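Novice: Same order as they appear, the protein sequences are chains A and B.
Residue numbering for the first sequence follows full-length UniProt numbering, beginning at 1 and increasing consecutively.
Residue numbering for the second sequence follows full-length UniProt numbering, beginning at 1 and increasing consecutively.
Yeah, the Cβ is synthetic: ideal placement off N, Cα and C, and Gly gets one too.
All of these numbers come straight from a predicted model, not from anything done at the bench.
Number of protein chains: 2
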Amino acid sequence: MLSHFTVDCVIYTFHEAQLKILLTERNEYPYKGWWALPGFFIEKDEEMEDAVKRISYENTGLKDIYLEQLAAFAGVKRHPEGRILTVAYVALVRYENVKNKVKPVTSYMKQAKWYPINNLPDLAFDHREIIQLSVEKLKKRLSYSLAPFELLPEKFTLTQLQQVYEALLGETLDKRNFRKKMNNLGYLKELDEFQTGVSYRAARLYKLDRRKFQKLIE
Amino acid sequence: MLSHFTVDCVIYTFHEAQLKILLTERNEYPYKGWWALPGFFIEKDEEMEDAVKRISYENTGLKDIYLEQLAAFAGVKRHPEGRILTVAYVALVRYENVKNKVKPVTSYMKQAKWYPINNLPDLAFDHREIIQLSVEKLKKRLSYSLAPFELLPEKFTLTQLQQVYEALLGETLDKRNFRKKMNNLGYLKELDEFQTGVSYRAARLYKLDRRKFQKLIE
DNA sequence: ATATAGTGTGTATTTTTTACACTATTAAAT
DNA sequence: ATTTAATAGTGTAAAAAATACACACTATAT
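1. Using C-beta distances below 6 Å, list every residue in its chain close to A:Leu138, excluding the 5 sequence neighbours before and after it, in chain order.
2. Identify each residue in the UniProt domain "Nudix hydrolase" (2 to 139) of chain B for which the Cβ-Cβ distance to at least one residue of chain A is less than 8 Å, and report them in chain order.
3. Going along the chain, which unbroken runs of the beta strand (DSSP E) with 3 or more residues stay wholly within the region 96 to 160 of chain A?
4. At what residues does the beta strand (DSSP E) containing B:Tyr206 begin and finish?
5. Do the CB positions of A:Leu62 and A:Val90 come within less than 8 Å of each other?
6. CA-CA distance, residue 219 of chain A and A:Leu158?
7. From what residue to what residue does the beta strand (DSSP E) around A:Thr6 run?
8. Which residues bound the alpha helix (DSSP H) around B:Met180?
9. Should A:Arg204 and A:Leu188 be called a contact, given that it needs their Cβ atoms to be closer than 8 Å?
10. Out of A:Gln18, A:Leu2, A:Phe5, which has the shortest C-alpha to C-alpha gap to A:Glu171?
11. Using the Cβ count rule (16 or more neighbours within 10 Å means buried), how would you classify B:Thr106?
12. With 16 as the cutoff for other CB atoms within 10 Å, does A:Glu150 come out buried or exposed?
13. Look at the Cβ atom of A:Thr13, then the Cβ atom of A:Val93, and state whether they are nearer than 8 Å.
14. Confirm, please, whether the CB-CB distance from A:Asp122 to A:Phe73 is below 8 Å.
15. Using only CA atoms, which one of B:Met182, B:Ala36, B:Ile84 lies nearest to B:Gln162?
16. How close, in whole Å, do the beta carbons of A:Ile130 and A:Val10 come, if the pair is a contact with beta carbons under 8 Å?
17. Indicate whether B:Val98 and B:Ile117 have their beta-carbon atoms separated by less than 8 Å.
18. Who are the near neighbours of A:Phe5 in its chain, counting only those whose CB is closer than 6 Å to its CB and skipping five residues on each side?
19. Between B:Phe156 and B:Arg141, what straight-line distance do the alpha-carbon atoms span, to the nearest angstrom?
20. If you count every other CB in all the chains shown that lies within 10 Å of the CB of B:Asp64, and 16 or more means buried, which is it?
21. Skipping 5 residues on each side, what residues in its chain have a beta carbon closer than 6 Å to that of B:Asn27?
22. Is it the case that the Cβ atoms of A:Asn184 and A:Ala112 are separated by a distance below 8 Å?
23. Quick one: complete alpha helix (DSSP H) runs, 4+ long, within the region 37 to 91 of chain B?
24. Classify A:Tyr206 as buried or exposed, calling it buried when 16 or more other Cβ atoms lie within 10 Å of its own Cβ.
25. Around the C-beta of B:Gln160, are 16 or more other C-beta atoms found within 10 angstroms, so that it is buried, or is it exposed?
26. In whole angstroms, give me the CA-to-CA distance for A:Arg201 and A:Glu193.
27. Taking the continuous beta strand (DSSP E) assigned at B:Gln18, which residues delimit it?
28. DSSP on A:Leu189, reduced to helix/strand/coil?
29. Look at the alpha carbon of A:Glu68 and the alpha carbon of B:Ser199, and state the distance between them as a whole number of angstroms.
30. Could you check which residue in B:Asn119, B:Gly33, B:Glu218 has the C-alpha nearest to that of B:Gln132?
31. Rounded to whole angstroms, how far is the Cβ of A:Tyr95 from the Cβ of A:Ile21, which I believe are closer than 8 Å?
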């Protein structure tokens with residue numbers, strides 16, 4: 001059969017020691033005035049990933065971001081006008097790079113806003129469920145995933161890295177054990193640079209060594 | 001936009017100490033005469049999971065099987081007549097329960113056959129890629145997955161369980177370490193029953209304790 | 001100078017993983 | 001009755017990884 005076909009995008013970033021997701025306020029039937037994941041109908045002859053890139057470019061001003069397919073949602077009742085199949089993607093962006101920190105108004109969208117994942121508003125369609133699934137997937141893969149490094153700046157402190165882990169795992173970790181483990185993994189490069197602009201002891205900066213990371217997951 | 005919408009099904013079983021997948025020989029354009037995953041167009045108002053159940057029932061005679069969504073495939077060029085979006089599912093069945101060990105001929109399908117995953121024929125569409133992805137997913141999740149127990153009989157020997165692990169991991173495991181680990185996990189029930197009909201020492205049978213398994217993954 | 005806020009470090013204990021080889025049991029063949 | 005063939009079943013020592021835990025250091029602001 002034929003079905004309407006959209007992509008939706010769970011765009012994550014890390015800001016103010018929190019994991020956040022970009023949501024848009026709908027300006028159209030159905031769910032007018034509700035918050036929803038950014039998404040749109042896919043064009044004829046458009047690859048799904050290109051549609052996702054288009055959407056995340058419109059909302060963050062970024063190209064070449066980290067993308068991962070999450071799942072397809074096609075419940076017959078998810079849209080009042082009949083089945084609309086959506087393929088959900090997870091995108092990870094660095095907050096420092098995001099261009100339009102708030103998205104301009106369009107006909108179908110009043111505003112866009114970053115929400116911490118543990119403080120989301122009511123959501124349109126089955127978007128709550130989609131987000132829930134995306135968190136679980138990130139969490140499961142955490143131990144062998146690039147995700148933390150796609151959310152943080154190129155140069156980050158170990159405390160920031162620990163905060164990303166804690167946000168995804170939903171629990172606090174012991175600082176000494178976390179650092180010991182990260183050092184033993186062997187894919188973090190210790191830099192001779194330090195944080196600036198803080199009113200306390202500046203933390204050392206680290207970088208991901210992508211070659212070593214790749215080798216380790218074989 | 002509107003798109004054609006199908007589901008495809010990677011149906012796994014464990015037989016003769018091997019992991020096998022059910023493939024069908026196509027009797028229709030395109031890829032007539034090629035082997036392909038069982039799949040079909042989804043009906044209007046049919047839930048995806050119901051379509052998958054329909055397909056696996058037609059091919060195995062089984063209802064209530066273990067299902068998991070794998071991913072959506074929607075490459076513009078995957079079908080010569082234009083984009084056909086497919087959502088791939090993984091199904092796991094017990095070989096002993098499969099009713100029609102070979103599927104009767106239909107208009108669109110010459111025959112169906114179980115193929116060991118490491119000895120597949122050439123495949124239609126992007127089905128090789130779909131299978132590849134399904135193996136990787138099963139492998140990654142193995143340590144906290146019900147999959148091995150959905151592929152084996154209700155009562156199984158530790159050697160059979162080890163063979164499933166080995167087939168998915170693609171490597172051999174040490175027998176003593178494997179058994180020690182399985183016992184420590186604590187969700188295997190040792191039965192007072194033994195294999196029958198073998199011409200050597202009969203192995204003890206075990207069962208999965210689903211309650212304990214559930215508790216352990218929380 | 002001192003208050004503040006976050007950085008950075010080591011050791012002992014427990015748990016998990018790994019490496020490794022022989023005896024036990026059964027049915028079938030002689 | 002004995003032997004053969006095939007697989008089941010078992011323990012220990014060493015290495016590696018995970019856990020629990022507390023205090024001194026440093027940069028800035030006042």
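Specialist: Let me lay it out:
1. Ala147, Leu168
2. Leu2, Ser3, His4, Phe5, Phe41, Ile42, Glu43, Lys44, Asp45, Glu46, Glu47, Met48, Gln69, Ala71, Ala72, Ala74, Gly75, Val76, Arg83, Leu85, Val87
3. 109 to 116
4. 204 to 208
5. no
6. Residue 219 of chain A lies beyond the stretch modelled for chain A, which goes from 1 to 218, so this question has no answer here.
7. 2 to 15
8. A quick correction: the sequence has Lys, not Met, at residue 180 of chain B. Residues 175 to 185.
9. no
10. A:Gln18
11. exposed
12. buried
13. yes
14. no
15. B:Met182
16. 7 Å
17. no
18. Ile42, Leu85
19. 21 Å
20. exposed
21. Tyr108, Met109, Lys110
22. no
23. 48 to 60
24. buried
25. buried
26. 13 Å
27. 18 to 26
28. Sequence inspection shows Lys at residue 189 of chain A; the Leu mentioned does not correspond to that position. If DSSP states are grouped into helix, strand and coil, A:Lys189 belongs with the strands.
29. 51 Å
30. B:Asn119
31. About 12 Å separates the two Cβ atoms, so there is no contact after all.
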